[in-house]
Every structure is written in structure tokens, then in C-alpha cells.
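**Q** If you're matching positions, the sequence shown starts at 3 in the numbering used here and goes up one per residue.
Dumping the structure here so I can ask a few things about it.
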Amino acid sequence: MRAEKYIRAGQQASTRHRSPCGMIRFAYLAVAHAFAALRLLPMTDREKDVEILTLRHQLTVLQRQLGGRRPRLRPEDRAFLAALLVPLSRATLRRFRLLVSPDTVLRWHRNLVTRRHARPSMNRGSGRPRTVASIRRLVLRRTAENPSWGYRRIRSEVALLLGIKIAPSTPKA
3 MRAEKYIRAG QQASTRHRSP CGMIRFAYLA VAHAFAALRL LPMTDREKDV EILTLRHQLT
63 VLQRQLGGRR PRLRPEDRAF LAALLVPLSR ATLRRFRLLV SPDTVLRWHR NLVTRRHARP
123 SMNRGSGRPR TVASIRRLVL RRTAENPSWG YRRIRSEVAL LLGIKIAPST PKA
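So, in C-alpha cells, the structure goes:
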């Protein structure tokens, strides 16, 4: 039951967030944070500690201002945080001062993995695929040329003469 829920959530999310803008924003975030990491190299440990304390205080202020409301994170923010924090243990994540709970971060990562592996097996659409436009025109032309023929005969003529299989309802259209 729980696995089906994750697969459905992954399928819904994958159809919702498939825009190229989201991928561009995610790439931008990754590059920006890579440069931020490079900026840390020349810093001393004392400077890094001061920056961490400053960021933690800013986070505390933000959480106080939000009250009980949840922060709004974009899908690319969630993906970046999930990819960044998933190698850490749950105990380590609990020590961090995060906007969201460690369980939420782990759930985001599960959804990313589920979506990645569920995408190849997803249904592309329900029902039978649409009839190719040229075949549809051919069937409609045969219908117009032979008004006395029923849809079964038209369907069998197309299947026998041309070797094209069509749905029984195609000549009815």
C-alpha cells in the first residue's frame, strides 16, 4: 500500500514538474552552490564558524517570523536539499538546524528515487493509441465512396487489402 502511494505521488509529481525551467533552476542552484563551496576554501575555521552561527541565527529569526506556517520550497530546492543531505545519517540530520524535519528531507529523496525508477514503467496515456491521421483519412474516404458498406466491412477491407489493423470504432467516426 505504501509503495503504491509513493509511486502514485512520483507519477503525479513527474507530470507536474516536467518543465525545462525547473531543470534550468536546479542546474543554476547546483552551479551557484558549487561556487559557494569554492568560496569556503580560503576561509579560516573561525570565519566558517562565525558564518555558520550567523546563518543559524537568521534561520531562527525566519522560523520565528513564519510561526507555525510551513516554508514554501520550490521543487528544485527540494531536489537539491534531498541530494545534498541524503548521505548523512538521520541522527546527524536531527542535529542540524533545518527549515524542514529530517524525515521530510528523506521523504523528498525517496520521491526523487521513486520518480526516477517509476518513469520508464509509467503509462503514457490511457486507452488505445490514436489512429494515424493518414489511415483515418483513408477509412473516411472509403466510407464516403462506399455508403452501402457497414463499418465492419470497411474495417475488414482495410485489414485484408492493406494489412492495417484498426479499432472497430474507427470507421464509425
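Quick reminder that beta carbons are idealized off the backbone N, C-alpha and C, glycines included.
1) For the stretch 44 to 53 and the stretch 98 to 113, state whether three or more C-beta atom pairs, one from each stretch, are separated by less than 8 Å.
2) Where in the stretch 75 to 105 do unbroken runs of the alpha helix (DSSP H), each at least 4 residues long, occur, reported from the N-terminal end onward?
3) Is it the case that the Cβ atoms of V115 and L83 are separated by a distance below 8 Å?
4) Using the C-alpha atoms, what's the distance from S128 back to D47?
5) For the stretch 67 to 79 against the stretch 27 to 35, are there 3 or more C-beta pairs whose distance is under 8 Å?
6) Using alpha carbons as the reference points, say which of L40, E147, V160 lies closest to T172.
7) Excluding the 5 residues preceding and the 5 following T145 in the sequence, name in chain order all residues of the same chain whose CB lies nearer than 7 Å to its CB.
8) Does DSSP classify V141 as helix, strand or coil?
**A** Per the coordinate set shown:
1) Under the 8 Å Cβ criterion, the stretch 44 to 53 does not count as touching the stretch 98 to 113, having fewer than three qualifying pairs.
2) Taken in chain order, the whole alpha helix (DSSP H) runs of length 4 or more contained in the stretch 75 to 105 are 77 to 87, 92 to 97.
3) The sequence position of residue 115 within the sequence shown is 113, counting from 1. The sequence position of residue 83 within the sequence shown is 81, counting from 1. No. Outside cutoff.
4) Sequence index remark: in the sequence shown, residue 47 carries index 45 (1-based). Sequence index remark: in the sequence shown, residue 128 carries index 126 (1-based). Counting only the Cα atoms, S128 lies some 58 Å from D47.
5) At 8 Å Cβ cutoff, the stretches touch.
6) If you number the sequence shown from 1, residue 172 lands on position 170. Put simply, of L40, E147, V160 the residue whose alpha carbon is nearest the alpha carbon of T172 is V160.
7) On the sequence shown, residue 145 is found 143 positions in, with the first residue counted as 1. Closer than 7 Å at Cβ, skipping near neighbours: I156, P173.
8) Working through the sequence shown from its first residue, we reach residue 141 at position 139. The answer is helix: DSSP assigns V141 an H, G or I state.
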